[in-house]
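Numbering (the numbering used here), first residue to last: 748 to 1030.
Idealized CB from N, CA, C, for every residue including glycine.
Working notes, structure below.
Have a look at this one:
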């Protein structure tokens, strides 16, 4: 799943098809490991910036970034380290994550506002739990005029008892925070990743006045894809920072702003694109 660069953050992730599977366990990083990660990240961004200048193919770039994130996970002995940087184009049908990733109550408020604008209700996705009800909002994107279902925000409406065990503990005790993002289904990922490659080429060829639009479009689509079982957020940030490095643009992501969370909380690509430059500040 995705990696969030706030290392005391509890991360809940679940891969599933028709029924629940093992929950990924929350993790914490020590200050020493955190500093080691940051140092290695800066070196890697420098390396990737140089390779992007040389127009490394997108699939090769994505593979290198996935391998780097998995190496970090193995060195720091993170839970399910082998899942980091592994594309989820095969295997479980979907991946989801709890809104606690956003690390603030504002995330729940913004998600609730999205759900209020699109009041849809449905059974959940698991065959064994059809009695549960959810409120949800489905995001869509278009590739060559084809509408692709992407992220879905879900808010569980059924009050749970303790009998459901560990699988449902991530919903939390507060019913107002019983929300998850369900990421783009596996069957669409190959198509979305190919499109990300097209957007990457567009970024490389973009004139200065169109650069941030192209980068924003890539970032939004990548976030909706969440293409790796784990580590997607860190890999996405590294991609963006490496692109900036390759263009000699001295910007950094604003402190405590999480690019993937911003994307997951904006169903509209054009609105996200307008807001995108505000996610950065001068180094």
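Here's the rule I'm using: 16 or more other beta-carbon atoms within 10 Å means buried, otherwise exposed. How should residue 853 be labelled? By the neighbour-count rule (16 or more Cβ atoms within 10 Å), residue 853 is not buried but exposed.
Segment contact, 8 Å Cβ cut-off, at least three pairs: the stretch 979-997 with the stretch 794-801: In this structure the stretch 979-997 touches the stretch 794-801; the number of beta carbon pairs closer than 8 Å is three or more.
Are the CB atoms of residue 976 and residue 943 nearer to each other than 8 Å? No. Outside cutoff.
Element boundaries [beta strand (DSSP E), containing residue 902]: 893-903 is the extent of the beta strand (DSSP E) around residue 902.
So, using beta-carbon positions, are residue 1012 and residue 858 closer together than 8 Å? Against a cut-off of 8 Å, the Cβ pair of residue 858 and residue 1012 comes out as a contact.
Are the stretch 823-842 and the stretch 955-968 in contact at 8 Å, needing three or more beta carbon pairs? The stretch 823-842 vs the stretch 955-968: no contact.
Beta-carbon contacts of residue 931 that lie in its chain and below 6 Å, excluding the five residues immediately before and after: Counting only Cβ-Cβ distances below 6 Å, and skipping sequence neighbours, we find 897, 971, 972.
Looking at the secondary structure, which residues open and close the beta strand (DSSP E) in which residue 1019 lies? It is not in any beta strand (DSSP E) - residue 1019 instead sits in the alpha helix (DSSP H) that spans 1016-1022.
Delimiting residues of the beta strand (DSSP E) encompassing residue 882: The continuous beta strand (DSSP E) containing residue 882 extends over residues 881-890.
Residue burial classification, residue 984 (beta-carbon count within 10 angstroms, cutoff 16): With a threshold of 16 other beta carbon atoms within 10 Å, residue 984 meets it and is buried.
Residue 928 and residue 900 closer than 8 Å at C-beta: Yes, they are a contact pair.
Nearest-angstrom Cα distance between residue 832 and residue 963? When only Cα atoms are considered, residue 832 and residue 963 end up about 22 Å apart.
Flag this pair as yes or no: are the beta carbons of residue 836 and residue 936 separated by less than 8 Å? For residue 836 and residue 936, yes; Cβs fall inside 8 Å.
Tell me the residue span of the beta strand (DSSP E) that contains residue 1026. Neither: residue 1026 is in no beta strand (DSSP E) and is coded neither H nor E.
Using DSSP with H/G/I as helix, E/B as strand and the rest coil, what is residue 845? Here residue 845 sits in strand by DSSP.
Measuring CA to CA, which of 861, 844, 922 is closest to residue 880? Looking at the Cα atoms, 922 is the closest of the given residues.
What three-state label does DSSP hand residue 998 in the structure shown? Correct three-state label for residue 998: strand.
Would you list the one or two residues that DSSP bridges to residue 834? BP columns for residue 834 point to 975.
Looking at the secondary structure, which residues open and close the alpha helix (DSSP H) in which residue 923 lies? In this chain, residue 923 is not harboured by any alpha helix (DSSP H), its DSSP state being neither H nor E.
Residue 789 versus 809, 1020, 815, residue with shortest Cα-Cα distance: Ranking 809, 1020, 815 by Cα distance to residue 789 puts 815 first.
Sequence-distant residues of its chain with Cβ nearer than 6 Å to residue 795 (five each side left out): Result list for residue 795: 989, in chain order.
Outcome for residue 1018 when other beta-carbon atoms lying within 10 angstroms are tallied against a minimum of 16: Burial is judged here by how many other beta carbons sit within 10 angstroms of a residue's own beta carbon; residue 1018 has fewer than 16 and is exposed.
Residues bridged to residue 737 by DSSP? Given that the chain is displayed from residue 748 to residue 1030, the structure contains no residue 737 and the question cannot be resolved.
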